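Everything in the sequence shown is counted per our numbering, starting at 490 for the first residue and increasing by one.
Even for Gly, the Cβ is constructed at its ideal location relative to N, Cα and C.
All figures in this text were calculated on a predicted structure; none of them were measured in a lab.
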Amino acid sequence: MVKNVWMLAHESKGVYKVGGLGEVVYSLSRELVRQGLNVAVVMPSHGLERSVTSLELAKEVDNGRVAVYRTALDGVSFFLVSGLGEREGILNSPVVYGKGITEGKAAVMAREAELIVSSLSKTVGLPDVIHVHDWHSVPLGMAIKRIFDIKGHRAGFLMQIHLLVSKYVSWDYLFDECGLSPDHETLAYTGYSFEKVSYGDAYNRGGGILEKIGAIVFDGLVTVSDSYLRRDEGCVLCSLGREFEGKADYIHNGTEWKYEDVLSYVLSLHKERLFKHLGIDNLEKITRRDLRRYLLTDALKEIPCDQPQIRDEYLRNLVESLKHPIFSSHGRPRPFKEDGPLIITTGRVSTQKGFDVLLRSMPLVLNEIPEARLLMLLLPVRGEEHLITKLADEASRHPDNVRIIYGIAPYIYQLAHLAADVFAAPSRWEPFGIMAIEALSVGVPVVASRLGGLREIVIDLRESPGRGIGLLVPKDDPEELSRALIAMLALMNPEQHKERLAKQYLHLAQLPEPEKLRLRCIKRVDESFRWSNSAMKTVKIYEKMTGAVRTHS
């Protein structure tokens, strides 16, 4: 029976989070603890031990090159590895994802695996499962597997791919910089039997692609949706090889967002300004339409001076240098002059997310609904500097209708979700789509690309009028996207726009009322996309994998 789990990750919510990976690592770990497992997360410190933080960090051990710090959140143990030597100091960079930086951090973590294993073994005990998240943690996972092979400890190694990037590394990187031995032989589960494979052979068979090397040497392979695993163009098994089918599975992500909790938080945070803006004295009288008007015309201009937060100074300087009409100063958004039907979207700045497609759809949307508004809450990342500027250029073509907020803005993030009429997820590829279930969890219907996890999350109103919670459209198609957005904005604002509903999308006789549709969205998440569901399936996968490993030990 699986009891102890070590999670190897590059980020985590509650400690240092950039994107969806951090959300999964923290939330899944916490839920596994609630279900009776002991979970320890290992990750680079990203300089957290040197910054002001509410976390209590205790140094466990150091060897002169790196130090291991320990903290705990919600019953989960976190071990943060910090650099002491000049070569290892890269671990302290606040840049989580950057060319050369991410690879450098992954290499140091692998080289220092002996200290990491020693520290965790003494503190939380040896693991039954090592859960390796994405390519960044594959070298460390391989280093730990080698240590366990030598010590005679047999644990199950599970690799989870959240986003397949087919990360190529050189032989010298893996075996010199990461300190691995190409001659080391390990026993790996194929899904049907066990085979001995050397790390050098795994490198050659994998063509230097870290995810494929991991698929060869580790015992299990999971991703975050069935579509992304097996069916999408460029799916995980399409790319890595169908020979891994026997040990492959998927675990849907979840969300902890609940409508009542989000509403309570937003009302407590904005209570006084809401009273002043709306001229009321009772929170029970506030409607979603009130929240929308308040967000668009008032709250955007009242974002605290320390927000939006961009930890990376280089990116912060880039955003603050933007001189577009949609910004006031220092990259802060101008408020809208008037209220209007609201589309929101969230995520990392990346061509993957299709934000450029969304902006290209806006002229068609505005031709039908001139008062429509689009609010984009985006996280800037290195490597996408050109896109950061390009999106601002495109958005500024519609200065009365579009705003971008670059960075983390807690003051309005959840408020924006409550205020929204529609959430747009126009991704070109999307393994899962946590942003979509966050929106649904607070009653916001979703217009999304028909791919990846999005098509497993969103039930199309045209295909299932009695259960639908949004619309699915082809990727990279601004015209189809605009039609879907127009239809959903009209559906959510029927008193003004019901006549605009496109007949090819929705049959008027079968349309749900806006509030009933919002309740459907919430129900969809409650039934299928809670972290408790994710953790239960994870445990089943752990047990199946370790059962096979134990029978061969």
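Beta-carbon proximity list for L784, same chain, < 7 Å, skipping 5 on both sides: I901, L904, A905 and A908
Through-space distance from L848 to D965, alpha-carbon basis: 12 Å
Top-ranked residue by Cα proximity to H741, from S608, E1032 and A925: A925
The region 576–592 / the region 515–526 touching (three or more Cβ pairs under 8 Å): no
Identity of the residues DSSP links to S566 by a beta bridge: A529 and A561
The region 912–923 / the region 882–890 touching (three or more Cβ pairs under 8 Å): no
Inter-stretch contact (C-beta, 8 Å, three-pair minimum) for the region 999–1015 and the region 507–518: no
Simplified DSSP state of E538, which is helix, strand or coil: helix
Burial state of R781 (16 or more Cβ within 10 Å): buried
Host beta strand (DSSP E) of H622 (start-end): V618 to H622
Beta-carbon proximity of S571 to V555, cut-off 8 Å: yes
Sub-8 Å separation of A677 and E666 beta-carbons: no
Complete beta strand (DSSP E) runs within the region 615–700 (minimum length 3 residues, chain order): 618–622, 645–649, 674–678 and 683–687
Neighbour-count burial assignment, R731, 16 or more Cβ in a 10 Å radius: exposed
Within 8 Å, strictly: CB atoms of V530 and L604: no
Residues near L974 by beta carbon distance below 7 Å, same chain, minus five either side: I832, S850, V854, V911, A913 and V936
Beta-bridge partners of P822, as assigned by DSSP: F816
S607 versus E827 - alpha carbon distance: 60 Å
Reduced DSSP secondary structure (H/G/I, E/B, other) of K594: helix
Reduced DSSP category for M977 - H, G, I as helix; E, B as strand; rest coil: helix
Candidates V557, S501 and L863: closest to K611 by CA position: V557
Alpha-carbon spacing of C727 relative to F921, whole angstroms: 17 Å
CB-CB length for G829 against R862, believed under 8 Å: 4 Å
Same chain only: Cβ atoms within 6 Å of G843, ignoring 5 sequence neighbours per side: P915, S916 and R917
Backbone CA spacing between V597 and S534 [nearest angstrom]: 12 Å
Proximity winner among R694, Y739, D563 and I636, relative to T712 (alpha-carbon distances): Y739
6 Å Cβ shell around K1026 - same chain, five flanking residues per side excluded: I740
Contacts around A1037, its chain only, beta-carbon distance under 6 Å, and the 5 residues preceding and following it disregarded: Y678
Residue interval of the beta strand (DSSP E) (run including M496): N493 to L497
Residue of D770, G697, L699 and E538 minimising C-alpha distance to G578: E538
Residues near M981 in its chain [Cβ-Cβ closer than 6 Å; skip 5 each side]: D910 and P1003
Beta-carbon contacts of G503 that lie in its chain and below 7 Å, excluding the five residues immediately before and after: Y515 and L562
Three-way DSSP call (helix, strand, coil) for D770 in this model: coil
Residue nearest to I1030 in terms of C-alpha spacing, selected from I590, L647 and A599: L647
Alpha-carbon spacing of L876 relative to I893, whole angstroms: 13 Å
Between the CA atoms of R837 and D787 - distance to the nearest angstrom: 25 Å
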